[in-house]
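Only one structure is covered here, and it is reproduced in the block below.
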Amino acid sequence: MKLKIRLIIMNFLQFAVWGAYLTSMGSYLVSVGMAENIGWFYAMQGVVSIFMPTLVGIVADRWIPAQKVLSLCHGIAGALMLAAGMYGLGTEAPQFSTLFTLYALSVGFYMPTLALSNSVAYSALTGAGMDTVKDFPPIRVFGTVGFICAMLLTDALGFQASPKQLAFSGIVGLVLCLYALTLPPCKVNKQVEKKSLVDTLGLRAFTLFKEKKMAIFFIFSMLLGVSLQITNGFANPFITSFKAIPEFANTFGANHANALISLSQVSETLCILLIPICLRKLGIKKVMLIAMFAWVFRFGLFGAGNPGGGVWMFILSMIVYGVAFDFFNISGSLYVDQETKPEIRSSAQGVFMMMTNGFGATIGTLSAQAVVNACVYSKPVAEQTAGWSTAWYIFAAYALVVAVLFAIIFKYKHTPQQN
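Quick note, my numbering runs 20 ahead of the 1-based positions in the sequence shown.
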């Protein structure tokens, strides 16, 4: 089987695991009385991303080939997520402590695989003499296809408010556990000369913070990472909440929020293909700025729209998401890969993951939960729609401030490339 096809399958399964529950879990939590804890479930993805991707990346760089670590992590994560789903199915009133513990342990091993799968792909493509900036995005696009397929299947099977979505995710993860063992072997650097404690512990990637340009880039990656999980955690409950309003009760969007949200991932598949061109022509600073302003529109359109006559704003918000996510997350990952040495590739990706999906997403989801609790869940049902709009406008204002500061502070001179 051709290398690109093998990596396409890996990416498809990698994100199908996530897509099975990421955008709909909030609705399940609402259905079992855990609406005010949604932020904690999504924040846990950030908490584990603070340390797990970096630690696992060090292991993959120094001791165990990345594709084997990828397999191990998916095996553990898949088994635990399947257990969480089975627990939810076994009781109508799941305990927060039990469900959250199983879920937290699962995502603790899943989140490192986002960076690991990138490292495996970069290693395989580089080993085959290919250009990662040119050849990786068309492969990564199938990860988004996998995410979309899992989302739509969760919707079509009626799993949006059911723990079956967790069991579904776990099963896909176990499949990927086996498949990862068939991927091209990645090199480890066991013979690296140990000149310092930093080298001995495999922490060389953290020295990137000594470089002013990289330090500023990582800090703004964290600040933008605040936005990453907000719509994943709250878009589905927000859109579904319109079912309580007679005017919107029978609209397609209010009843099939996942299908509507899947347009975001459709947009993502198209925008991924623009990354090689935009990075070569515009450079990382302009690409990141485009992403930041896209987040402003993403949140603002949610605040102004509804699933009735204003559904076009929801649709436009979904289209904008592709730019907001890809131009930041994937372009940032490629930039880090280009700015680091091969021997710290996995751990450098882990640091990027730590700053974005770790510190950034943790701060973002917990802050967003506080905002939603204050603006929405503390209000009478009749006032919650207006409260949701206020919350989305607050998130939009934050993204705008980050964009302006990044434009002023991050210095980067780009030389446009013709090919």
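Glycine included, each C-beta is placed from N, C-alpha and C at the ideal position.
CB of residue i within 8 angstroms of CB of residue j, strictly
i, j, result
"G110", "L248", "no"
"L186", "M101", "yes"
"A40", "A170", "yes"
"P296", "P205", "no"
"N256", "D175", "no"
"S189", "G352", "no"
"F238", "M375", "yes"
"A80", "V89", "yes"
"G342", "C298", "no"
"I168", "V286", "yes"
"A97", "S69", "no"
"G193", "F32", "no"
"F319", "A419", "yes"
"S47", "A200", "no"
"A103", "L122", "yes"
"K361", "I159", "no"
"F415", "I236", "no"
"I281", "M338", "yes"
"M234", "L243", "no"
"C141", "F129", "Per the sequence shown, the amino acid found at residue 141 is Ala instead of Cys. Cβ atoms of A141 and F129: not closer than 8 angstroms."
"L283", "I350", "no"
"H94", "T146", "no"
"L49", "F61", "yes"
"M30", "S137", "yes"
"W38", "V208", "no"
CB-CB length for residue i against residue j, believed under 8 angstroms
i, j, result
"C395", "G384", "16 angstroms between Cβ atoms; not a contact."
"T74", "V421", "In fact, because the Cβ distance is near 28 angstroms, the residues do not count as touching under 8 angstroms."
"Q34", "L196", "7 angstroms"
"T382", "A63", "5 angstroms"
"G328", "E267", "6 angstroms"
"L354", "V153", "6 angstroms"
Counted within 10 angstroms of its Cβ, other Cβ atoms place residue i as buried (16 or more) or exposed
i, result
"T220", "Here T220 scores only 46 on pLDDT, less than 50, and its place in the model should not be relied on; the value that follows carries that caveat. Looking at its Cβ environment, which holds fewer than 16 other Cβ atoms inside 10 Å, T220 is exposed."
"L217", "Residue placement at L217 cannot be trusted, given a pLDDT of 46 that sits under 50; what the coordinates show is reported in the next sentence. Exposed, by the Cβ-count rule."
"A36", "buried"
"F313", "buried"
"A264", "exposed"
"A388", "buried"
"W412", "buried"
"Q65", "buried"
"A423", "buried"
"L177", "exposed"
"K184", "buried"
"E213", "Low per-residue confidence applies at E213: pLDDT is 49, beneath 50, and the placement is therefore not dependable, though the value from the model is reported in the following sentence. Classification of E213: exposed, given that the 10 Å Cβ count is below 16."
"Q87", "buried"
"F347", "buried"
"F258", "buried"
"G222", "Confidence is the limiting factor: at G222 the pLDDT is only 48, short of 50, which leaves the residue's position unreliable and the question unanswerable from this model."
"L321", "buried"
"I28", "buried"
Proximity winner among the options, relative to residue i (alpha-carbon distances)
i, options, result
"G253", "W38, G59 and Q34", "G59"
"V52", "V401, V208 and P114", "P114"
"I304", "L134, L386 and A427", "A427"
"F179", "S398, H276, M308 and F322", "H276"
"V356", "M30, A135, M45 and V161", "A135"
"Q404", "V316, N57, I28 and F262", "F262"
"A344", "Y107, V307 and F334", "V307"
"L172", "S44, M373 and K301", "S44"
"R26", "M373, G163, K433 and A274", "G163"
"V246", "K207, R300, V316 and F272", "V316"
"K431", "I335, K399, N393 and E231", "E231"
"I78", "R300, T133, L293 and S367", "S367"
Residue i: CB within 7 angstroms of a non-hydrogen atom of the ligand NAD
i, result
"V340", "The ligand NAD is absent from the structure shown, which contains no ligands of any kind."
Entirely enclosed alpha helix (DSSP H) segments - the region 385-423, minimum 4 residues: none
Segments of 4+ residues assigned as alpha helix (DSSP H) that fall wholly inside the region 286-336: 295-302 and 304-324
Segments of 4+ residues assigned as alpha helix (DSSP H) that fall wholly inside the region 75-127: 86-109
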